[in-house]
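Participant: Residue numbers (our numbering), protein chains in the order written: chain A, -3 to 221; chain B, -3 to 221; chain C, -3 to 221; chain D, -3 to 221.
Number of protein chains: 4
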Amino acid sequence: MTGQPALFPRLAEAAGEVWRAYTRHPFVLQLASGDLPEACFRHYLVQDYLFLIHFARAWGLAVYKSDRIDEMRRAQRLVAATLDVEIGLHVDYCRGWGLSETAMASEPEAPATIAYTRFVLDRGLAGDRLDLEVALAPCIVGYAEIAAERVNDAATRLAGNRYREWLEMYAGPEYQDLAREAAAALDEQFARRGGEGRFPSLATAFATAARLEADFWQMGLEAKR
Amino acid sequence: MTGQPALFPRLAEAAGEVWRAYTRHPFVLQLASGDLPEACFRHYLVQDYLFLIHFARAWGLAVYKSDRIDEMRRAQRLVAATLDVEIGLHVDYCRGWGLSETAMASEPEAPATIAYTRFVLDRGLAGDRLDLEVALAPCIVGYAEIAAERVNDAATRLAGNRYREWLEMYAGPEYQDLAREAAAALDEQFARRGGEGRFPSLATAFATAARLEADFWQMGLEAKR
Amino acid sequence: MTGQPALFPRLAEAAGEVWRAYTRHPFVLQLASGDLPEACFRHYLVQDYLFLIHFARAWGLAVYKSDRIDEMRRAQRLVAATLDVEIGLHVDYCRGWGLSETAMASEPEAPATIAYTRFVLDRGLAGDRLDLEVALAPCIVGYAEIAAERVNDAATRLAGNRYREWLEMYAGPEYQDLAREAAAALDEQFARRGGEGRFPSLATAFATAARLEADFWQMGLEAKR
Amino acid sequence: MTGQPALFPRLAEAAGEVWRAYTRHPFVLQLASGDLPEACFRHYLVQDYLFLIHFARAWGLAVYKSDRIDEMRRAQRLVAATLDVEIGLHVDYCRGWGLSETAMASEPEAPATIAYTRFVLDRGLAGDRLDLEVALAPCIVGYAEIAAERVNDAATRLAGNRYREWLEMYAGPEYQDLAREAAAALDEQFARRGGEGRFPSLATAFATAARLEADFWQMGLEAKR
């Protein structure tokens, strides 16, 4: 496993417009420019909290689906990162936006949240661990690409932007490393469990996942103000 | 298993407004009165075709999740009913609406289709067979209730209604029997695998499934004309 | 999919001695020569009945794990072949050996039955459908190879052999066709879902499954007389 | 959740002789008296290492099957306890017996190891989290009962017993607490997901799991010296 990630860029390229519709969704552009209405962001934050619970379930499933101890440990680290760190950080961050964990936990899941999370889990159970990780990649690796692209964009305004912390967290070195590790894992699994024959089916699942992630932004954007 | 079904009406009652928002959704009312735009119905038909594939997968999963041969046989009959009969009838019916199987199979799944089908499959894999059947009940048993209610409603117009065949199929004795059998199976499983302690969680899943089914109608209604 | 099956012979070759220890197990050789004690065969028949239930579950799981309708239909046919035909034939055949279905259903599963069946199901859930079918292949395709090899062997005695019917069923054209179809499906799936990178892991699972099948014969052989 | 565990003792009582055949297996009695041949213990240690990998997979599956964050965290703690602590301790301990991790990892799984671990995973996937935890209970809670019973038994010889460390670890307060927590979790889940209707099926699975655990001891006892 050396050099640049190879599978992820191929999948993103194959998704074409669908990938750009997700990574450059108006929700993201408005977030970067600071123009996103706060109600949209709050709605997104609540659903992202509910999303994280199923994200942790997906990595628990990956522990089960592992063939080797090192694979198990990587999945376990992501369960722990989600349950011990991310959910905690998210809850702290949301408190700053006036959202308590109790309030978020009692909100119903939006259809867009259900659609993406359950699609991922079904890919993971119907397929193997590579199918699972490919369905998760638009989220894990995609967020890193989105944030990096935005902080380097001329239209982005960091000074005085109330969403700056969000952008800088995902553009920051820690998250970028995590995403790079996830992209490298895709290559490692594609070499060991894949082969070109699988590419069309993986590309279809990746594109569907990207489409469902775009719907997730759209759900935020359409939040009642 | 004698007498009236018990669990299904309790679940529907617990879902309250959510249940009525699904069973008396404008899509259904307009279908019964004949006022539903054809584009809406066509969009629904295409997505229902894609839905049936995952419905068959759910009953395949139920075969795996069976404890006893009679349970397996019932699940197998529903796989066969879906793959051998329902999909075939659906394809024939859709041909009458100008939709070929090839065309339907190449359409992307709508988010509403993904959300409901994958929610059901996840309930089935995270939980046991009772969880799976409860998540399927708003569809199987619900369609029977919807059609029976509509054909007995004064606002329904059967004569000259281009959707009459659809209504009469689900209101007809064959489908009503199938739904009654599904409701009876819920009681049998609740007795054998359940207990009152499970009711709150089953009711929550049932209500979510009903909400996602209402979204499915809504997707039809919002189809571009 | 034309020409000879390719993946199955490679897997059998890679399993080497393990494969021969299964396909030429003393149980099989004694069955072919007619020397197998009846108590051994009866014990095998009972456990094979219990095995078939989990075999049907495995094909139900394959319905769930299918990507395409034609894949679903093939899995469905195998669920039906097992539940509607094989179990029925098996029950009829066992009656001739003085074993009633009720008696067989109330026997505890032998550890060897549990080990093989649950290993297959775990491969199927941890991996994808190719993993599942590879774990099933020593059974489905292996039985055809075993019976064909035995009926063509000089040491085999058909005349007056009380196990003749068993040998001729698996050596017969109907079962041989089913096995050939299963071997062809492996190739089709390896082309579409595989790649050389997967071979080592598939070969390991195949060899383990063959070892567990040999244990299944051994369990028969060790039955108390 | 107050007072004494209730479900676990009922399950053990229902298993009757099967439970005693496991908890008072000759392997355990000889281990307590110090008479167990070292080859038997070494074989057990190697297979227990392979067992722990699937034990961690089972708790990863439990993360996926959780309904609530607190349930997820408990499963996550058990994944971590297994992968970060138990496997490490086991590897250290085995080194003292001349067994390296590399050597253990390259041993084939014994049929008894496969039978118990895959039975547990299948119960967990076919059923719900209560089914999974009940199948695990003979291991987690059983080991605590076995060790406590042995250290309080007159026939046990701790002084000069080369297996003393093993006995004292499982009889020690830390492991006893973990087992009590696991038994309490069974009650909590039986209240929330259960009901008397489930008891017969849970009792059957528990007894099968206990039987497979007894086979695991037997495999150790039969190790070639």
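Quick reminder that beta carbons are idealized off the backbone N, C-alpha and C, glycines included.
For a contact defined as C-beta to C-beta under 7 Å, what are the partners of residue 120(D) on chain B?
Facilitator: By Cβ distance, chain B contributes nothing, its closest Cβ being about 10 Å from residue 120(D), past 7 Å.
Participant: Given a cut-off of 9 Å, decide if residue 58(D) and residue 119(D) are closer than it, judged by their beta-carbon atoms.
Facilitator: Not in contact: residue 119(D) and residue 58(D) (Cβ atoms no closer than 9 Å).
Participant: Residue 99(D): buried (16+ other C-beta within 10 angstroms of its C-beta) or exposed?
Facilitator: So residue 99(D) ends up on the exposed side.
Participant: Could you check which residue in 172(D), 134(D), 163(D) and 156(D) has the C-alpha nearest to that of residue 19(D)?
Facilitator: Taking only the C-alpha atoms, the option nearest residue 19(D) is 134(D).
Participant: Is the CB-CB distance between residue 181(D) and residue 129(D) below 9 Å?
Facilitator: Taking 9 Å as the Cβ cut-off, residue 181(D) and residue 129(D) qualify as a contacting pair.
Participant: Indicate whether at least one CB of chain C lies closer than 9 Å to the CB of residue 117(D).
Facilitator: It does; some Cβ of chain C falls within 9 Å.
Participant: By alpha-carbon positions, which one of 197(D), 105(D), 207(D) and 77(D) ends up nearest to residue 69(A)?
Facilitator: Closest option to residue 69(A), Cα to Cα, is 77(D).
Participant: According to DSSP, simplified to helix, strand and coil, what is residue 67(B)?
Facilitator: The answer is helix: DSSP assigns residue 67(B) an H, G or I state.
Participant: When you compare only the Cα positions, how much space is there between residue 27(B) and residue 34(B)?
Facilitator: Using only the alpha carbons, I get a separation of about 10 Å.
Participant: Taking the alpha carbon of residue 184(C) as the reference point, which residue from 51(A), 81(A), 193(A) and 165(A) has its own alpha carbon closest?
Facilitator: Minimum Cα distance to residue 184(C) is reached at 193(A).
Participant: Would you report the Cα separation of residue 195(A) and residue 136(A), rounded to the nearest angstrom?
Facilitator: Approximately 20 Å between the Cα atoms of the pair.
Participant: By the three-class DSSP mapping on this structure, what secondary structure does residue 0(B) have?
Facilitator: Residue 0(B) falls in the coil class under three-state DSSP.
Participant: Can you list, in chain order, the residues of its chain with a C-beta nearer than 7 Å to that of residue 72(A)? Leave out the 5 residues immediately preceding and following it.
Facilitator: 59.
Participant: At 3 residues or longer, and completely inside the region 31 to 59 of chain D: list those beta strand (DSSP E) runs for me, N to C.
Facilitator: Runs found: none.
Participant: Mind reading off the beta-carbon distance from residue 112(A) to residue 209(A)? Whole number of angstroms is fine, and I expect it under 8 Å.
Facilitator: Residue 112(A) to residue 209(A), Cβ: 6 Å. Contact.
Participant: Helix, strand or coil: how does DSSP classify residue 193(D) here?
Facilitator: Here residue 193(D) sits in helix by DSSP.
Participant: Measure the beta-carbon distance from residue 168(B) to residue 191(D) and round it to whole angstroms, keeping in mind my assumption that it falls under 8 Å.
Facilitator: Not really, about 36 Å apart at Cβ, beyond 8 Å.
Participant: For residue 187(C), go through chain A and note every residue whose CB falls closer than 7 Å to its CB, in chain order.
Facilitator: Those are 193, listed as they occur along chain A.
Participant: For the alpha helix (DSSP H) that contains residue 134(C), what are its first and last residues?
Facilitator: Here the alpha helix (DSSP H) through residue 134(C) covers 125 to 147.
Participant: Would you decide whether residue 91(C) is buried or exposed? Buried here means 16 or more other CB atoms lie within 10 Å of its CB.
Facilitator: Exposed, by the Cβ-count rule.
Participant: With a threshold of 6 Å on Cβ separation, who are the neighbours of residue 108(D) within its own chain once the five nearest residues in sequence on each side are excluded?
Facilitator: These residues qualify, in order along the chain: 211, 212 and 215.
Participant: Name the residue from 155(C), 162(C) and 200(C) whose alpha carbon lies nearest to the alpha carbon of residue 127(C).
Facilitator: Closest option to residue 127(C), Cα to Cα, is 200(C).
Participant: Between the Cα of residue 85(C) and the Cα atoms of 132(C), 7(C) and 44(C), which residue gives the shortest distance?
Facilitator: Comparing Cα positions, the closest option is 44(C).
Participant: CA-CA distance, residue 94(A) and residue 12(A)?
Facilitator: Spanning the two alpha carbons is a distance of roughly 38 Å.
Participant: Helix, strand or coil for residue 22(A), going by three-state DSSP, please let me know.
Facilitator: Looking at residue 22(A) - three-state DSSP - the assignment turns out to be helix.
Participant: Give the interface partners of residue 65(C) over in chain D, defined as CB-CB distance under 7 Å, in chain order.
Facilitator: Under the 7 Å cutoff, chain D gives no residues; its nearest Cβ is about 25 Å from residue 65(C).
Participant: For residue 104(D), which three-state DSSP category applies?
Facilitator: In the structure shown, residue 104(D) sits in coil (DSSP, three-state: anything other than H, G, I, E or B).
Participant: Less than 8 Å between the CB atoms is what I'm expecting for residue 36(C) and residue 154(C), so what's the real figure, rounded?
Facilitator: That pair is no contact at about 19 Å.
Participant: Output, in chain order, the set of chain B residues within a Cβ distance shorter than 7 Å of residue 190(D).
Facilitator: Result: 191 and 193.
Participant: Going along chain B in order, which residues have a C-beta closer than 8 Å to the C-beta of residue 128(A)?
Facilitator: Residues of chain B passing the Cβ test: none, with the nearest at roughly 13 Å.
Participant: Assign residue 159(A) to one of three DSSP states: helix, strand, or coil.
Facilitator: In the structure shown, residue 159(A) sits in coil (DSSP, three-state: anything other than H, G, I, E or B).
Participant: With 9 Å as the threshold, decide whether the Cβ of residue -3(C) is near any Cβ in chain A.
Facilitator: The predicted model places residue -3(C) with a pLDDT of 43, which falls under 50 and marks its position as unreliable; any figure quoted below should be read in that light. Not closer than 9 Å to any Cβ of chain A, the Cβ of residue -3(C) fails to qualify, so no.
Participant: Say whether chain D places a C-beta atom closer than 9 Å to the C-beta of residue 41(C).
Facilitator: No - not a single Cβ of chain D is within 9 Å of the one on residue 41(C).
Participant: Out of 179(B), 121(B) and 203(B), which one is the CA nearest neighbour of residue 62(B)?
Facilitator: When each option's Cα is compared against that of residue 62(B), the closest is 121(B).
Participant: Per DSSP, what kind of secondary structure is residue 153(D) in: helix, strand or coil?
Facilitator: Coil at residue 153(D), not helix or strand.
Participant: Identify the contact partners of residue 60(A) in chain C, using a Cβ-Cβ distance below 9 Å as the criterion.
Facilitator: The answer, in chain order, is 121 and 122.
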